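Using the working numbering, you'd call the opening residue of the sequence shown number 278 and step up by one each time.
Backbone N, C-alpha and C define an ideal beta-carbon position, used for all residues, glycine too.
The structure displayed is predicted, hence computed values, not measured ones.
Structure first, commentary second.
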Amino acid sequence: MLLRHNIEGALGLVYITFLMSTFILVAYFQSQVRQYVFANTVLNENVNFSSSLTTISLAWLMMSNFLLVLVTLGLGTPWAKVRRAKLILKNTLVDVEHGIDGFITQQQDKLSALGEQIGDAFDVDIGIGV
């Protein structure tokens, strides 16, 4: 009887260790890939991205969200998603040289000019026949 309790306790400890190590490995992978992608992403040579997301903060969030969803039987899922989104946004930096408004205006002008040119090329007439 005592041996059975020791085996069950050891299996439980192995399971918890496995879950924690899985969370840490997944957090490490996700944070490193995110930092690499953001460091190598540039828009029009004047908009740069960076990420300050750490493995520890992401792993802690993943473990605590897992426990939250488990204890609340799934009812804490929206709260867990909001917590993750807040962490991601808090650790994201968009660096724009001349201001984001100027960049957005420039892109909208390009899109509208491109749309007009495509419309002229295909000679698209939109009309309602009465």
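Whether residue i touches residue j by CB criterion (8 Å)
{"i": "residue 300", "j": "residue 336", "result": "yes"}
{"i": "residue 315", "j": "residue 328", "result": "yes"}
{"i": "residue 364", "j": "residue 344", "result": "no"}
{"i": "residue 349", "j": "residue 304", "result": "no"}
{"i": "residue 342", "j": "residue 311", "result": "no"}
{"i": "residue 288", "j": "residue 308", "result": "no"}
Delimiting residues of the beta strand (DSSP E) encompassing residue i
{"i": "residue 325", "result": "324-328"}
{"i": "residue 318", "result": "First-last for residue 318: undefined, no H or E at that position."}
Limits of the alpha helix (DSSP H) - the one that residue i falls within
{"i": "residue 350", "result": "Segment: none, residue 350 is in no alpha helix (DSSP H) and carries neither H nor E."}
Backbone secondary structure at residue i - three-state DSSP
{"i": "residue 332", "result": "helix"}
Distance between residue j and residue i (C-alpha atoms, nearest Å)
{"i": "residue 359", "j": "residue 352", "result": "13 Å"}
{"i": "residue 378", "j": "residue 384", "result": "10 Å"}
{"i": "residue 294", "j": "residue 318", "result": "36 Å"}
{"i": "residue 374", "j": "residue 387", "result": "19 Å"}
{"i": "residue 290", "j": "residue 283", "result": "10 Å"}
{"i": "residue 292", "j": "residue 321", "result": "48 Å"}
With three or more beta-carbon pairs closer than 8 Å as the criterion, would you say the stretch 364-372 touches the stretch 310-326?
The stretch 364-372 is in contact with the stretch 310-326.
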